[in-house]
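Residue numbers (the numbering used here): 44 to 129. For every residue, glycine included, the Cβ atom is placed at its ideal position computed from N, Cα and C. Following: one structure in structure tokens, then a few remarks.
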């Protein structure tokens, strides 16, 4: 049965016809930007905020080359040496 003229979607100036929204693909999440808090800091292990590169202070000294590194790093940024061996 053909649609009546008043039931059909109105054409847009570009000529495109409006389409109904498509459901998200399997395995994807549908998170809207309004659902995320813009001022929340990213959390690291144990829920503590991880320091940002621009605000963190390099306090962890490499035992191999002496370069100061960020306390969240595992390997030296200069020589690649392991910073904290257990």
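In this structure, does DSSP put residue i in helix, strand or coil?
| i | result |
| --- | --- |
| residue 125 | strand |
| residue 113 | coil |
| residue 104 | strand |
How long is the line joining the alpha carbons of residue i and residue j, rounded to whole angstroms?
| i | j | result |
| --- | --- | --- |
| residue 63 | residue 121 | 54 Å |
| residue 60 | residue 125 | 59 Å |
| residue 106 | residue 69 | 48 Å |
| residue 103 | residue 123 | 13 Å |
On the premise that residue j lies in contact with residue i, defined as a C-beta separation below 8 Å, what is that separation, rounded to the nearest angstrom?
| i | j | result |
| --- | --- | --- |
| residue 113 | residue 99 | 5 Å |
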